[in-house]
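The letter at position 46 of the sequence shown is residue 1507 when you use my numbering, and the numbering goes up by one with no holes.
The structure under discussion appears below in the form of structure tokens.
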Amino acid sequence: MAVWEKTSGSKIPDNAIRAGYEKDGKPLFIARAKMGGLWTSGKCGTHLPGAHIPNDCKEVIVRDYDVLVYPINAVGLLDWKQASGGKVPDKAFKTDTDLYVGRANYTGSLIPCRISTSQKCAYMGYGGKEYNAKEYEVLCQIK
């Protein structure tokens, strides 16, 4: 099972789960930080100064955050499943009430993001702003 590991800045553990890429090919990983009292997922990478978390129409940079890692002794498998409209499959990876780990395409990038079942879409940070997507992929525990 994947677990959250504390980190800061551009420090990404070797066993972090690669979840996407910037349009220039730089890898992106799954981050989470508290936003308004809720654990909210977003992106991080070795080229970024911290986690980039979509929140309240902005892309918020958080210096100290958690990154999703897959420990060497972990049991189970993860996979990405297509979904849309705020729906998530069974065994979706949850960060908080009605919030899940996802990724979505935007301007040639595949961006780790948060999925809100209550707001019926995925939210991602890009270029300092928050964008939403009706179609996305959801991280799921499959075994």
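Glycine included, each C-beta is placed from N, C-alpha and C at the ideal position.
Do you know whose CA, among Ile1576, Gln1580, Pro1532, Ala1494, lies nearest Asp1525's CA? Along the sequence shown, read from residue 1 onward, the residue named residue 1525 stands at position 64. Here the closest residue by C-alpha is Ala1494.
Count Cβ pairs between the segment 1474 to 1486 and the segment 1544 to 1560 that sit closer than 8 Å; are there 3 or more? Cβ pair count under 8 Å is below three, so no.
In chain order, what residues of the same chain have a beta carbon less than 6 Å from the beta carbon of Ala1477, not counting five sequence neighbours either side? Here residue 1477 refers to the residue found at position 16 when the sequence shown is read from its first residue. Excluding sequence neighbours, Ala1477 sits near Phe1490, Val1528, Val1530.
Straight-line Cα distance separating Gly1470 from Pro1510: Residue mapping note: residue 1510 aligns to position 49 of the sequence shown, counting from 1. Residue mapping note: residue 1470 aligns to position 9 of the sequence shown, counting from 1. In a straight line, the C-alpha of Pro1510 is about 5 Å away from that of Gly1470.
Three-state secondary structure assigned by DSSP to Gln1580: Locating residue 1580 in the sequence shown gives position 119, where the first residue counts as 1. Judged by DSSP in its simplified three-state form, Gln1580 adopts coil rather than helix or strand.
Secondary structure of Tyr1564, DSSP reduced to three states: Position 103 of the sequence shown holds residue 1564. According to the sequence displayed, residue 1564 carries Arg and not Tyr. Arg1564 falls in the strand class under three-state DSSP.
Less than 7 Å between the C-beta atoms of Val1562 and Leu1538, yes or no? To locate residue 1562, count along the sequence shown from 1; it is residue 101. To locate residue 1538, count along the sequence shown from 1; it is residue 77. Using a Cβ distance threshold of 7 Å, Val1562 and Leu1538 do not count as a contacting pair.
Output needed for Ala1553: all residues of its chain with C-beta closer than 6 Å, excluding positions within five of it in sequence on either side, in chain order. Here residue 1553 is taken as the residue at index 92 of the sequence shown, counted from 1. For Ala1553, where only same-chain residues beyond five positions count, the Cβ hits under 6 Å are Tyr1561, Val1599, Cys1601.
Can you look up Tyr1531 in the DSSP assignment and give me helix, strand or coil? One-based indexing of the sequence shown puts residue 1531 at position 70. Residue state for Tyr1531 is assigned as coil, using DSSP reduced to three classes.
Is the beta carbon of Glu1591 less than 7 Å from the beta carbon of Pro1515? In the sequence shown, counting from the first residue as 1, residue 1591 sits at position 130. In the sequence shown, counting from the first residue as 1, residue 1515 sits at position 54. Contact: yes.
What number of angstroms, rounded off, separates the C-alpha of Val1536 from the C-alpha of Met1462? Sequence index remark: in the sequence shown, residue 1536 carries index 75 (1-based). Sequence index remark: in the sequence shown, residue 1462 carries index 1 (1-based). Their Cα atoms are separated by approximately 5 Å.
Enclosing beta strand (DSSP E) for Pro1488 [first to last residue]: The residue given as residue 1488 occupies position 27 in the sequence shown. Run containing Pro1488: 1488 to 1496, per the beta strand (DSSP E) assignment.
Between the Cα of Gly1481 and the Cα atoms of Lys1604, Val1549, Gly1546, Asp1540, which residue gives the shortest distance? Taking the first residue of the sequence shown as position 1, residue 1481 is located at position 20. Nearest of Lys1604, Val1549, Gly1546, Asp1540 to Gly1481, Cα basis: Asp1540.
Length of the line joining the Cα atoms of Ser1577 and Thr1501: For the purposes of this step, residue 1577 is identified with residue 116 of the sequence shown, where counting begins at 1. For the purposes of this step, residue 1501 is identified with residue 40 of the sequence shown, where counting begins at 1. Spanning the alpha carbons of Ser1577 and Thr1501 requires a straight line of approximately 10 Å.
Between which two residues does the beta strand (DSSP E) harbouring Lys1542 extend? Taking the first residue of the sequence shown as position 1, residue 1542 is located at position 81. Segment 1539 to 1545, the beta strand (DSSP E) holding Lys1542.
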